[in-house]
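Undergrad:
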Amino acid sequence: MELTVLPLTDPKPRVTDESQLAFGRLFSDRMLILEFDRAKGGWHEARIQPYQPFVLDPAAMVLHYAQEIFEGLKAFRRPDGSIALFRPKDNVVRFNRSAHRMCMPEVDVDFFLDAIKELIRLEADWVPNSRGTSLYIRPTMIATEPMLGVRPSDQYLCYVILSPVAAYYKGGLAPVKIWISDHYVRAANGGTGEVKTGGNYAASLYAAREAAEKGYDQVLWLDAKNKQQVEEVGSMNICFIYDGKLVTSPLHGTILDGITRRSILTLAKEAGLEIEERALSVDEIFEGVESGRLTEAFGTGTAVVVSPVGEFTYRDRTVVLGDGKTTGEITRKLYDTLTGIQYGEVPDNHDWIVTI
Ligand code: COI
Numbered sequence: 001m002e003l004t005v006l007p008l009t010d011p012k013p014r015v016t017d018e019s020q021l022a023f024g025r026l027f028s029d030r031m032l033i034l035e036f037d038r039a040k041g042g043w044h045e046a047r048i049q050p051y052q053p054f055v056l057d058p059a060a061m062v063l064h065y066a067q068e069i070f071e072g073l074k075a076f077r078r079p080d081g082s083i084a085l086f087r088p089k090d091n092v093v094r095f096n097r098s099a100h101r102m103c104m105p106e107v108d109v110d111f112f113l114d115a116i117k118e119l120i121r122l123e124a125d126w127v128p129n130s131r132g133t134s135l136y137i138r139p140t141m142i143a144t145e146p147m148l149g150v151r152p153s154d155q156y157l158c159y160v161i162l163s164p165v166a167a168y169y170k171g172g173l174a175p176v177k178i179w180i181s182d183h184y185v186r187a188a189n190g191g192t193g194e195v196k197t198g199g200n201y202a203a204s205l206y207a208a209r210e211a212a213e214k215g216y217d218q219v220l221w222l223d224a225k226n227k228q229q230v231e232e233v234g235s236m237n238i239c240f241i242y243d244g245k246l247v248t249s250p251l252h253g254t255i256l257d258g259i260t261r262r263s264i265l266t267l268a269k270e271a272g273l274e275i276e277e278r279a280l281s282v283d284e285i286f287e288g289v290e291s292g293r294l295t296e297a298f299g300t301g302t303a304v305v306v307s308p309v310g311e312f313t314y315r316d317r318t319v320v321l322g323d324g325k326t327t328g329e330i331t332r333k334l335y336d337t338l339t340g341i342q343y344g345e346v347p348d349n350h351d352w353i354v355t356i
């Protein structure tokens, strides 16, 4: 399949004040589109075109049965002006795993990766320059066949849009407040918890709104069966420093196999921390903080990077980590190392960086 590049007709004004960047509100000039139609032999059209709205049939299957997947990765501006992608192949491989679980067609990893790189090359001046900012890349696939029967679609649009972003949370690296849900659950065994599909996020909104109304930034989800074991937070995996070890939930199908999670586990091991991939219970959070065994907690994710947690609330109990406002030493060190690799200040010894 050939990648066609269509001319850009109406470029948008560039970002002049990067301190005004938020998360995911502004989009670049161009997008990548791949079209799939089983009747036309599968993937049959790939183009980079001006960013513009789609025309979708009101019966398009994604609008009814949510057959959709997405990814999130970032491009970073480095001091020498070059642009770095962080572990992009891992995202494309995970995109295909999500596609498989949602009965959607997989993409050719190398073709898709090369097309994304070409898109970034063309949109290079949308990659912001300030430390902490990046160009967020959002690959997405939707079922477009107009049909109301419940079965996998025969037509799909796969597309990639780009958004220059700053920190996901307004407070940047300031610790977030987490509400532990004792009622709502995110994912059950055998479900789609590990899949990056929009429905998981839609299902989380009700609890997230309740948490926000109580003054919390995010919901921490517990396992669906016993509502005892920690699973993950709305937009991030979660790690604890417990007895000096890094403890994080194992990947058993209900939580996302985060690429930032993977990277942090590698960096933590290299920094001499013992890693325990095991389910931590709510009781351990409370007893751990109260006894001083649990000293730090942080979320990991492409969008949030590393996000320290300052406070947990479960039912009528609250625990505060440290003073609730200061980022822990280990969290800070892991954040500095990871972002140092991404921004080209720390050597990349793992081949995680793909320079454009
Ligand atoms: C990411 O970290 O890239 C994600 O996909 C989380 C997103 C829901 C904000």
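Residue numbers for the sequence shown follow the numbering used here, beginning at 1 and rising by one. Glycine is no exception: its CB is placed at the ideal position from the N, C-alpha and C atoms.
Excluding the 5 residues preceding and the 5 following D243 in the sequence, name in chain order all residues of the same chain whose CB lies nearer than 7 Å to its CB.
TA: Taking the sequence shown and counting its residues from 1, the one referred to as residue 243 is at position 243. Taken in chain order, the residues that qualify are R293.
Undergrad: When the Cα atoms are used, what is the spatial distance from A59 to V165?
TA: Residue numbering aside, residue 59 sits at position 59 when the sequence shown is read from its first letter. Residue numbering aside, residue 165 sits at position 165 when the sequence shown is read from its first letter. Answer to the nearest angstrom: the Cα atoms are 33 Å apart.
Undergrad: When the distance is taken between beta carbons, is V176 closer than 8 Å to G310?
TA: In the sequence shown, counting from the first residue as 1, residue 310 sits at position 310. In the sequence shown, counting from the first residue as 1, residue 176 sits at position 176. Going by C-beta atoms, G310 is nearer than 8 Å to V176.
Undergrad: Report whether the distance from the Cβ of V304 to the nearest heavy atom of the ligand COI is below 7 Å.
TA: Against the sequence shown, residue 304 aligns to sequence position 304. Checking the Cβ of V304 against the ligand COI gives yes.
Undergrad: Is it the case that the segment 93 to 100 contacts the segment 142 to 153, given that we only count it when at least three CB pairs across the two stretches are under 8 Å?
TA: no
Undergrad: Within a Cβ cutoff of 8 Å, which residues of the same chain sit near C103, ignoring the five residues on either side of it in sequence?
TA: Residue 103 sits at position 103 when you count from the first residue of the sequence shown. Contacts found: Q67 and P152.
Undergrad: When you measure from the CB of S163 to every non-hydrogen atom of the ligand ADP, does any distance come out below 7 Å?
TA: Absence of the ligand ADP is noted for the structure shown, with the ligand COI being the only ligands found.
Undergrad: Excluding five sequence neighbours on each side, which residues of the same chain lie with their C-beta closer than 7 Å to the C-beta of S98?
TA: Position 98 of the sequence shown, counted from the start, is the residue given in the question as residue 98. Counting only Cβ-Cβ distances below 7 Å, and skipping sequence neighbours, we find I69, V195, K196 and T197.
Undergrad: Cα-Cα, which of L280, T300, G344 and L173 is closest to M236?
TA: The residue labelled residue 236 in the question sits at position 236 within the sequence shown. M236 has its Cα closest to that of T300, out of L280, T300, G344 and L173.
Undergrad: Taking all protein chains shown into account, decide if T260 is buried (16 or more other Cβ within 10 angstroms of its Cβ) or exposed.
TA: Counting from 1 along the sequence shown, the entry for residue 260 is found at position 260. T260 is buried by the Cβ-count criterion.
Undergrad: Starting from the C-beta of L32, find all residues in its chain whose C-beta is less than 7 Å away, skip the five residues before and the five after it, and write them out in chain order.
TA: Taking the first residue of the sequence shown as position 1, residue 32 is located at position 32. Answer for L32: I48, A115, I116, L119, Y159 and V160, listed in chain order.
Undergrad: Is any heavy atom of the ligand COI found at a distance shorter than 7 Å from the C-beta of S98?
TA: By 1-based counting over the sequence shown, the position of residue 98 is 98. Not under cutoff, so the answer is no.
Undergrad: I need the DSSP call for G193, collapsed to helix, strand or coil.
TA: Taking the sequence shown and counting its residues from 1, the one referred to as residue 193 is at position 193. Reduced to three states, the DSSP call for G193 is coil.
Undergrad: In terms of alpha-carbon separation, which member of R77, D29, A174 and L63 lies closest to Y335?
TA: Looking up residue 335 in the sequence shown gives position 335. For the residues R77, D29, A174 and L63, the minimum Cα distance to Y335 belongs to A174.
Undergrad: As an exercise, report each continuous alpha helix (DSSP H) stretch of at least 4 residues that is fully enclosed by the segment 313 to 343, in chain order.
TA: 329 to 342
Undergrad: With a threshold of 7 Å, establish whether the CB of G72 neighbours any heavy atom of the ligand COI.
TA: Here residue 72 is taken as the residue at index 72 of the sequence shown, counted from 1. Yes, the beta carbon of G72 sits closer than 7 Å to at least one heavy atom of the ligand COI.
Undergrad: What do you reckon, are the CB atoms on H64 and L162 nearer than 8 Å?
TA: Residue numbering aside, residue 64 sits at position 64 when the sequence shown is read from its first letter. Residue numbering aside, residue 162 sits at position 162 when the sequence shown is read from its first letter. No; because the gap between Cβ atoms is not below 8 Å, this pair is not in contact.
Undergrad: Could you pull out every residue in the same chain whose Cβ sits closer than 8 Å to the Cβ of D182, ignoring the five residues on either side in sequence?
TA: Here residue 182 is taken as the residue at index 182 of the sequence shown, counted from 1. Result list for D182: L222, K227, Y314 and R315, in chain order.
Undergrad: Along the beta strand (DSSP E) that carries S134, what are the first and last residues, could you check?
TA: In the sequence shown, residue 134 corresponds to position 134, counting from 1. S134 to A143 is the extent of the beta strand (DSSP E) around S134.
Undergrad: Can you have a look at P128 and say buried or exposed, based on whether 16 or more other CB atoms are within 10 angstroms of its CB?
TA: Counting from one through the sequence shown, the residue named residue 128 turns up at place 128. Answer is buried; the Cβ neighbour count reaches 16.
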